[in-house]
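Heads up, the thing below is written out as structure tokens.
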Amino acid sequence: MHVLMMSLYAAIAAVVLAAVDPKSDTTRQRLIHGLKIFGSFLGIGLLLSWVLFPVPW
Amino acid sequence: MQPRDGLTNDIAPNYAGGSFAFDEPRPVSFSRRAAAVVGAWLVPGAGHLLLGRYGRAALFFITITGAFVLGLSLDGRLFWPTAAEPPTAFHFDLITVLWFLAQIGSGLCYLVSYAFGFGTRPHPEAATFEYGNTFMFLAGLLNYLVVHDAFDIAAGRKR
Chain A
3 MHVLMMSLYA AIAAVVLAAV DPKSDTTRQR LIHGLKIFGS FLGIGLLLSW VLFPVPW
Chain B
484 MQPRDGLTND IAPNYAGGSF AFDEPRPVSF SRRAAAVVGA WLVPGAGHLL LGRYGRAALF
544 FITITGAFVL GLSLDGRLFW PTAAEPPTAF HFDLITVLWF LAQIGSGLCY LVSYAFGFGT
604 RPHPEAATFE YGNTFMFLAG LLNYLVVHDA FDIAAGRKR
């Protein structure tokens, strides 16, 4: 459930952030930028969850 | 000197250095700019629709409105500024002010939900309560970016 919600969150944020990116002029550039954002969200989220897993509070 | 027509007057300020590209972004009138910004806040994507960016308008409407509706369906709640307890100099509980500012970014999504009573009764016992709140914050905060993007397009700073 949590991973699904995180993926949905990342997808929505990535779509909008890629679409408003001022440096991307073509659809292909926006697509690549969006995939990078999506991957970053998921990657950093999983990394943080792995690092914070032993923390008891 | 040749008399200027409307088109010449319109493009003359953009002509510099002997080169002129007709596909350069150009600012729109103040009233259209204001309508785009207010429209973008009220309905996600409406600002881009007014500026002729139909694809992006549809994308923003679907993603941002979808995030807000998803948040409501996951038992998220609407926040509004409440009085601090114990009373402080600011009077309001700061975190509720910040959450309210995040959610009100989604414009009519928030206002219509509030008017119809959706999300006004919190269900913190629901397993998805925090997920719902997070999606509603996301919708509002992303819409602020979309409003800014609509302003940039209207001001001729980007396509």
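Top to bottom, those sequences are chains A and B.
The first sequence begins at 3 in the numbering used here and counts up by one.
The second sequence begins at 484 in the numbering used here and counts up by one.
By construction, the Cβ of each residue, glycine as well, lies at the ideal position given by its N, Cα and C atoms.
Fair warning: this is a prediction, and the values are worked out from it, not measured in the lab.
Where residue i sits in the DSSP three-state scheme
| i | result |
| --- | --- |
| residue 573 of chain B | coil |
| residue 601 of chain B | coil |
| residue 59 of chain A | coil |
| residue 25 of chain A | coil |
| residue 611 of chain B | coil |
| residue 645 of chain B | This structure gives no information on residue 645 of chain B, because the portion of chain B shown stretches from 484 to 642. |
| residue 45 of chain A | helix |
| residue 515 of chain B | helix |
| residue 561 of chain B | coil |
| residue 606 of chain B | coil |
| residue 590 of chain B | coil |
| residue 642 of chain B | coil |
| residue 8 of chain A | helix |
| residue 32 of chain A | helix |
| residue 3 of chain A | coil |
| residue 521 of chain B | helix |
| residue 630 of chain B | helix |
| residue 552 of chain B | helix |
| residue 528 of chain B | coil |
Option in the options with minimal Cα separation from residue i
| i | options | result |
| --- | --- | --- |
| residue 39 of chain A | A:3, A:20 and A:56 | A:20 |
| residue 586 of chain B | B:572, B:616 and B:576 | B:616 |
| residue 625 of chain B | B:601, B:606 and B:551 | B:551 |
| residue 548 of chain B | B:607, B:588 and B:510 | B:588 |
| residue 607 of chain B | B:558, B:531, B:532 and B:524 | B:558 |
| residue 605 of chain B | B:590, B:562 and B:642 | B:562 |
| residue 622 of chain B | B:532, B:508, B:584 and B:574 | B:584 |
| residue 545 of chain B | B:565, B:592 and B:576 | B:592 |
| residue 16 of chain A | A:24, A:9, A:57 and A:36 | A:36 |
| residue 581 of chain B | B:590, B:565, B:594 and B:569 | B:565 |
| residue 515 of chain B | B:531, B:507, B:526 and B:527 | B:531 |
| residue 13 of chain A | B:511, B:640 and B:618 | B:618 |
| residue 539 of chain B | B:556, B:613, B:640 and B:633 | B:633 |
| residue 560 of chain B | B:609, B:519 and B:541 | B:609 |
| residue 5 of chain A | A:53, A:30, A:47 and A:57 | A:47 |
| residue 631 of chain B | B:578, B:602, B:596 and B:517 | B:517 |
| residue 602 of chain B | B:568, B:590 and B:556 | B:556 |
| residue 524 of chain B | B:600, B:628 and B:573 | B:628 |
| residue 535 of chain B | B:553, B:511 and B:554 | B:511 |
Identity of the residues DSSP links to residue i by a beta bridge
| i | result |
| --- | --- |
| residue 566 of chain B | B:575 |
CB contact below 8 Å: residue i versus chain C
| i | result |
| --- | --- |
| residue 24 of chain A | No chain C appears in the structure shown, which is made up of the protein chains A and B. |
Proximal chain B residues relative to residue i, where beta-carbon distance stays under 9 Å
| i | result |
| --- | --- |
| residue 39 of chain A | None at all; the shortest Cβ gap to chain B is about 12 Å. |
Neighbour list for residue i in chain A, Cβ cutoff strictly below 9 Å
| i | result |
| --- | --- |
| residue 547 of chain B | 14 and 18 |
| residue 617 of chain B | 7 and 11 |
Proximal chain A residues relative to residue i, where beta-carbon distance stays under 8 Å
| i | result |
| --- | --- |
| residue 539 of chain B | 21 |
Under 7 Å from the C-beta of residue i: neighbouring residues of chain A
| i | result |
| --- | --- |
| residue 632 of chain B | 22 |
| residue 614 of chain B | 7 |
| residue 620 of chain B | What residue 620 of chain B touches in chain A: nothing, since even the nearest Cβ is about 10 Å away. |
| residue 532 of chain B | Per Cβ cutoff of 7 Å: no residues; residue 532 of chain B is ~14 Å from chain A at best. |
| residue 550 of chain B | 14 |
| residue 542 of chain B | 17 and 21 |
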